[in-house]
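A short worksheet on the structure shown next.
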Amino acid sequence: MKRFKKSFSLALIASMMLVAAGCGGNNNGGNASGSPSASAPSAPAASGSAGASPSAEAPSSEEPVSLKFYTISPSDKDVFDAAYPEWSKAHPNISVEMVVLSGDDSLDKIRVAIAGGEKIDLAYMERDSFRDKAPKLYYKLNDLLTKDGVEYLKEFGEYGRATMVGSDVYGIANIAVPSAVWLNQDILQAANVPVPDDSTWTFKDYFDLLKKLTIKGADGKTTTYGGIHWQRAPMVATGIFDIATYGGWDIVKEDGTPNANDPVLKQAADYFYQAMFVDKTIPTEADVKANKVIALYDMLKGKFATMMGASSSALQMDTFKLQGNLTEETDAKDPFVILKMPRWDASAPAGQATNIVVSYAVTKNSEHPEQAYQFLKWYSTKGAELSAKAVHRVPTWTNADQNVLIDGWRYYKDKDGNIVQGKDRSALYKQVLDPSIVPIFPKYRDQYAYSSMMLDELNNQLSLMLAGEKSVDDALADAQKAAEKIYAKEKK
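Residue numbering for the sequence shown is 6 to 497, as defined by my numbering.
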């Protein structure tokens with residue numbers, strides 16, 4: 006049964022894209038998974054880049070070229086509008102039109118349009134589910150990167166692996182959305198619970214904490230849940246995939262065989278099942294749908310004591326206040342703190358963070374792939390700095406100027422659309438850019454295109470578990486069987 010697979014609402018998409026504006030946005034669903042790497046990216050540079058960088062100006066095209074850029078993110082248009090005049094000055098013969106699609110099926114529309122040969126040069130890129138379709142949708146960038154002298158994983162760090170299948174690069178990573186735990190200190194204080202030490206706590210500690218923070222009214226109904234995982238799109242089981250990552254799990258093993266029956270994945274699923282159906286410290290999927298829950302906004306309103314979410318949501322606080330999702334009174338008290346994600350267990354390293362990575366690609370049917378690549382490279386590098394005041398995002402570009410970003414993030418659009426200066430939150434912003442955080446990503450799935458199909462099957466089965474229609478053991482057993490069939494077919 007696949008009814009949960011794409012059942013997120015427009016409101017949820019809007020909230021995720023707002024976070025993506027200042028954070029990033031799985032079609033990686035569990036886009037952040039894997040283990041730490043010795044080559045993990047550093048925080049953006051404090052004073053810009055040194056030497057050659059992807060933002061270096063490319064020579065203007067002799068002949069006028071018009072490009073079309075399709076996206077599902079309204080905030081991409083804000084980035085585009087803020088940065089494009091500078092591109093246009095440097096490249097008067099390469100014009101770019103951005104088209105923003107809306108609706109739950111926006112990614113499907115882009116996929117169908119590309120497959121149908123429609124003139125699209127650049128596109129918002131699918132996340133983990135793209136790998137089995139990559140050669141049919143996207144232009145492989147390896148030759149252009151080599152010609153340009155760009156070392157992709159050096160310029161964009163480990164985030165760049167989000168667009169790769171093996172060694173083939175099919176897009177450019179643009180936005181990072183690092184995971185973190187948000188805590189409402191007011192709720193903790195009322196429960197006489199101290200703020201945990203995020204250098205030592207584990208996921209077991211976190212789920213135990215939720216029991217102490219869940220509040221019920223006189224009628225027995227829950228008024229404040231202990232916590233929630235913010236992601237439900239594009240895969241409803243993203244939260245399970247996400248925390249299993251910290252235990253080193255991936256959908257495939259190193260040799261490409263399916264890994265849906267891994268004990269780490271079972272433990273992650275058990276954590277959620279216990280919290281939802283036994284302890285009732287996290288809302289069920291039925292509760293989420295019935296109450297139209299948007300995790301981030303409801304956490305700001307005190308309906309959740311904690312949230313496993315994105316640290317980069319901190320870049321949007323003034324906007325949340327303008328929207329009415331954060332009251333002036335609450336903001337004045339500064340009750341929210343951001344903690345590092347828990348360790349998988351006591352033997353695991355601290356300070357790791359899964360990430361959503363939002364990426365963009367040159368399409369397979371672009372008639373001007375080189376010019377499209379040049380714009381995409383610029384949009385993903387210099388465009389991030391030029392648009393920092395208009396849209397708050399954490400760029401994956403390792404040479405981004407940290408000072409430019411922090412200064413720009415203080416500004417936001419008021420109710421009249423004017424860009425104005427907001428509250429000084431530079432300490433919080435620096436926490437978002439904490440260089441000690443180690444980003445972790447899928448270990449093996451990028452090596453095997455069919456991993457996307459296995460992940461879909463696993464999500465389908467866990468959707469039934471999250472709906473209370475199947476046990477954890479049965480869901481994982483059936484997912485493993487389905488994945489083994491995929492492997493048997495694809496390994497030939």
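Idealized CB from N, CA, C, for every residue including glycine.
Beta-bridge partners assigned by DSSP to Lys73: Glu102. The alpha-carbon separation between Phe208 and Lys345 amounts to approximately 11 Å. Across the structure, Pro347 and Lys114 are spaced so that their CA atoms are roughly 38 Å apart.
Taken in chain order, the complete beta strand (DSSP E) segments of 3 or more residues contained in the stretch 264-315 are 311-315. Excluding sequence positions up to five before and after Pro400, its CB lies within less than 6 Å of the CB of Ala389, all in the same chain and listed in chain order.
Under the DSSP assignment, Phe341 falls in the beta strand (DSSP E) whose first and last residues are Phe341 to Leu344. Looking at Val298, Ile424 and Ser134, the one whose alpha-carbon comes closest to that of Arg450 is Ser134.
The DSSP-derived three-state label of Tyr416 is strand.
Rounded to whole angstroms, the separation of the alpha carbons of Val363 and Pro374 is 20 Å. About 5 Å separates the beta carbon of Leu467 from that of Ala480, a gap short enough to meet the 8 Å contact definition. Following the DSSP letters along the chain, one finds Leu193 in no beta strand (DSSP E) but inside the alpha helix (DSSP H) bounded by residues Gln190 to Ala195. By the Cβ-count criterion, Lys152 is exposed, with fewer than 16 other Cβ atoms from all chains shown falling within 10 Å of its own Cβ. By alpha-carbon distance to Ala454, the top candidate from Met322, Asp210, Tyr175 and Ile361 is Tyr175. If you draw a straight line from the Cα of Thr359 to the Cα of Lys221, it comes to about 32 Å. Residue range Ser456 to Leu471 is occupied by the alpha helix (DSSP H) that includes Asn465. Beyond the five residues adjoining it in sequence on each side, Ala265 comes within less than 6 Å, by CB distance, of Leu463, Leu481, Ala484, Gln485 and Ala488 in the same chain, given in chain order.
Put simply, the stretch 228-239 touches the stretch 300-320. At least three CB pairs are less than 8 Å apart. Under the DSSP assignment, Val84 falls in the alpha helix (DSSP H) whose first and last residues are Pro79 to Ala95. With a cutoff of 8 Å on beta-carbon distance, Phe74 and Val117 are scored as not near each other. By the criterion of at least three beta-carbon pairs nearer than 8 Å, the stretch 405-421 is in contact with the stretch 431-439. When the alpha-carbon of Ile361 is set against those of Ala377, Thr286 and Ala185, the nearest one is in Ala185.
Assignment of beta-bridge partners to His234 by DSSP yields Met313. With the rule of 3 Cβ pairs closer than 8 Å, the stretch 287-302 does not count as touching the stretch 191-209. Taking one beta carbon from each stretch, the stretch 139-153 and the stretch 369-385 have 3 or more pairs nearer than 8 Å; the two touch. Gly356 is positioned such that its CB atom lies closer than 8 Å to that of Ile442.
Here the stretch 82-100 makes contact with the stretch 391-398; the two share three or more CB pairs at distances below 8 Å.
Around the beta carbon of Gln426, a 10 Å sphere encloses fewer than 16 other beta carbons of the protein chains shown; the residue is thus reported as exposed. The Cβ neighbour count for Glu160, taken over all protein chains shown within 10 Å, is at least 16; the residue is labelled buried. With a cutoff of 8 Å on beta-carbon distance, Leu72 and Asp126 are scored as near each other. The beta carbon of Ser316 lies closer than 6 Å to those of Pro183, Ala185, Ile343 and Val437 in the same chain, with the five residues before and after it left out.
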